[in-house]
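Asks: After the structure tokens below, expect a handful of questions from me.
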Amino acid sequence: MTKPYSQACENNKAPILNKIRTYLTDKEKVLEIGSGTGQHAVHFAKHLPNIIWQTADQAMHHEGINAWLDEAKLSNLIAPITLDLNHDWPVTEKYDAIYTANTLHIVSEPLVEKLIIGAAKHSQSHSHLFIYGPFNYNGQFTSESNQGFDAMLRARDPQSGIRDQEWVVSLAKKQGFELVQDHEMPANNRLLVFKR
Numbered sequence: 056m057t058k059p060y061s062q063a064c065e066n067n068k069a070p071i072l073n074k075i076r077t078y079l080t081d082k083e084k085v086l087e088i089g090s091g092t093g094q095h096a097v098h099f100a101k102h103l104p105n106i107i108w109q110t111a112d113q114a115m116h117h118e119g120i121n122a123w124l125d126e127a128k129l130s131n132l133i134a135p136i137t138l139d140l141n142h143d144w145p146v147t148e149k150y151d152a153i154y155t156a157n158t159l160h161i162v163s164e165p166l167v168e169k170l171i172i173g174a175a176k177h178s179q180s181h182s183h184l185f186i187y188g189p190f191n192y193n194g195q196f197t198s199e200s201n202q203g204f205d206a207m208l209r210a211r212d213p214q215s216g217i218r219d220q221e222w223v224v225s226l227a228k229k230q231g232f233e234l235v236q237d238h239e240m241p242a243n244n245r246l247l248v249f250k251r
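For the sequence shown, the residue numbers in the numbering used here are 56 to 251.
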């Protein structure tokens, strides 16, 4: 099959890697929630050979992710598991870090909560949680482009939309995650870094 491709992933993979790698020097296993096309997973696993990178997404995305994985042939990159936030996670082990990009504004608020609860359940005691994407601050959009993006999201699915950073931080705190860094990223995105 033709590999799925996201220009946004291509644009943001290097800036994200530059930020997360400093937190992963002593980590061994990372779970990526919502691997999408698989582009991030391949890029990160290639540049972080000390990390076992576990991809995960809904079953409909597996073929595309596997197309990227098959081409990359990286021994530290693991085929996707089926992870649907509506259901229990099909993993029993705990991870040193959990990473998710551009998921919180796609799923509903109840599923954002389930994502963070699941991340806590499947994290080691000193794990990191990385959340990348657009956020609002004090209920306000950070740019006109984000406001337009939010309107498009809500027109397509009223349950989706850009989330308030303060709300996400409070959800994470309830699960034992403290915000350690809020990085400004290109294209009006942020990278929230939490630690248990």
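Where a beta carbon is used, it is the ideal one built from N, C-alpha and C, also for glycine.
Please classify T77: does DSSP put it in a helix, a strand, or coil?
Replies: helix
Asks: Leaving out five residues before and five after P237 in sequence, what residues of the same chain have Cβ atoms less than 8 Å from its Cβ?
Replies: Here residue 237 is Asp; the residue named in the question, Pro, does not match the sequence. Within the same chain, D237 has close Cβ partners Q220, R245, L246, L247, V248.
Asks: Taking the beta carbon of R218 as the centre, do at least 16 other beta carbons fall within 10 Å, making it buried, or is it exposed?
Replies: buried
Asks: When DSSP builds the beta bridges, which residues end up paired with F190?
Replies: Residue pairing for F190: DSSP places it in a beta bridge opposite R218.
Asks: Any chance you could list the beta strand (DSSP E) runs of at least 3 consecutive residues sitting entirely within the region 85-164, in chain order?
Replies: 107-112, 132-137, 150-156
Asks: Which residue's Cα is closest to the Cα of L208: Y192, T158, N131?
Replies: Ranking the options by Cα distance to L208, first place goes to T158.
Asks: Are the CB atoms of V85 and Y154 within a distance shorter than 7 Å?
Replies: yes
Asks: What three-state label does DSSP hand S182 in the structure shown?
Replies: In the structure shown, S182 sits in a strand (DSSP, three-state: E or B).
Asks: Would you give the residue range spanned by the beta strand (DSSP E) that N244 belongs to?
Replies: 244-250
Asks: Give me the residue from I71, H142, L226, V97 with the minimum Cα distance to T110.
Replies: V97
Asks: Could you pull the start and end residues of the alpha helix (DSSP H) that M207 belongs to?
Replies: 199-211
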